[in-house]
Amino acid sequence: GDSVTQTEGLVTLTEGLPVMLNCTYQSTYSPFLFWYVQHLNEAPKLLLKSFTDNKRPEHQGFHATLHKSSSSFHLQKSSAQLSDSALYYCAFNSGGSNAKLTFGKGTKLSVKS
Amino acid sequence: EAAVTQSPRSKVAVTGGKVTLSCHQTNNHDYMYWYRQDTGHGLRLIHYSYVADSTEKGDIPDGYKASRPSQENFSLILELASLSQTAVYFCASGQGANERLFFGHGTKLSVL
């Protein structure tokens, strides 16, 4: 069935190194993919959303590309900052008339100096 | 910035008791969602609604009911609270499932 998968529960990086958080999906239709970020004791908020025209969304130095051939929407950043430490969720709507938005299990990113 | 307000912010309930979590949005959004957050499980969808007076089951609806009496209000009801329902509950609203969701600050529920 339709689903979204984040394989890493915890990613620990040194400040300045590149970030890549994995997200793959299974979808019947043309899906919409999102990345949400949740800082400690805050609500989740939108970081990025996939575009239907394959443009690459970018925000706060993060970007992600929807690859339909590999069913992936990995989150990337060229240089991690201490303030990037947070919980990151990949979220998925399978498209069509479906009103559900399903979240992955989340990846905790910990950036150390 | 869109506003979603949840009440209460935290609650302690007894096993077998009834719990109602409330959510109010002032964004004129049609879609509203209830998620629970648990370490290791992420955000899991309990119930959602895309029009007033109608609700849909999400991925983990067992033990929960939902009510959408108006476009602005969406409640989550635990008729017989259980220990396993201890979690943080988030309400969210949006223009559609393929649009940005705005989340409330969450309700921390402890069932003892």
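Residue numbers (my numbering), protein chains in the order written: chain A, 30 to 142; chain B, 46 to 157.
A virtual CB, placed ideally from N, CA and C, is assigned to each residue, including glycine.
Where residue i meets chain B, residues with beta-carbon distance less than 8 Å
i              : result
A128 (chain A) : Y76, Y93, Y95, E101, G141, A142
K134 (chain A) : G85, H86, G87
CB contact check: residue i to chain A, cutoff 8 Å
i              : result
H86 (chain B)  : yes
D104 (chain B) : yes
R145 (chain B) : yes
G108 (chain B) : no
H69 (chain B)  : no
Minimum Cβ-Cβ distance from residue i to chain B less than 8 Å
i             : result
L76 (chain A) : no
P86 (chain A) : no
A72 (chain A) : yes
T94 (chain A) : no
F91 (chain A) : no
T36 (chain A) : no
Whole-angstrom C-beta distance between residue j and residue i, which should lie under 8 Å
i              : j              : result
L123 (chain B) : V64 (chain B)  : 4 Å
L50 (chain A)  : F63 (chain A)  : Between F63 (chain A) and L50 (chain A) the Cβ distance is about 13 Å, and since that is not below 8 Å, they are no contact.
S32 (chain A)  : Q55 (chain A)  : 5 Å
T100 (chain B) : S112 (chain B) : 7 Å
Among the options, nearest to residue i - alpha-carbon criterion
i              : options                       : result
L104 (chain A) : A:L130, A:G124, A:T136, A:K97 : A:T136
I91 (chain B)  : B:G103, B:D83, B:Q82          : B:G103
T34 (chain A)  : A:T131, A:L111, A:S139        : A:T131
V59 (chain B)  : B:D98, B:L125, B:S138, B:Q70  : B:L125
E71 (chain A)  : B:D98, B:F135, B:G85          : B:F135
S107 (chain A) : A:N122, A:G45, A:G30, A:Y58   : A:G45
Beta-carbon neighbours of residue i, restricted to chain B and to distances below 9 Å
i             : result
G30 (chain A) : Near G30 (chain A) there are no residues of chain B at all, since even the closest Cβ is about 10 Å away, more than 9 Å.
N51 (chain A) : Correct list: empty, because the minimum Cβ distance to chain B is about 14 Å.
F61 (chain A) : A142, N143, E144
Per-residue contacts from residue i into chain D (C-beta, under 9 Å)
i              : result
Y118 (chain A) : Checking the listed chains, one finds no chain D in this structure; the protein chains it contains are A and B.
Assigned secondary structure, residue i (DSSP; H/G/I helix, E/B strand, else coil)
i              : result
S112 (chain B) : strand
Q105 (chain A) : strand
S99 (chain B)  : strand
D113 (chain A) : helix
Chain A contact residues for residue i, given Cβ-Cβ distances below 8 Å
i              : result
L121 (chain B) : What L121 (chain B) touches in chain A: nothing, since even the nearest Cβ is about 16 Å away.
G151 (chain B) : A72
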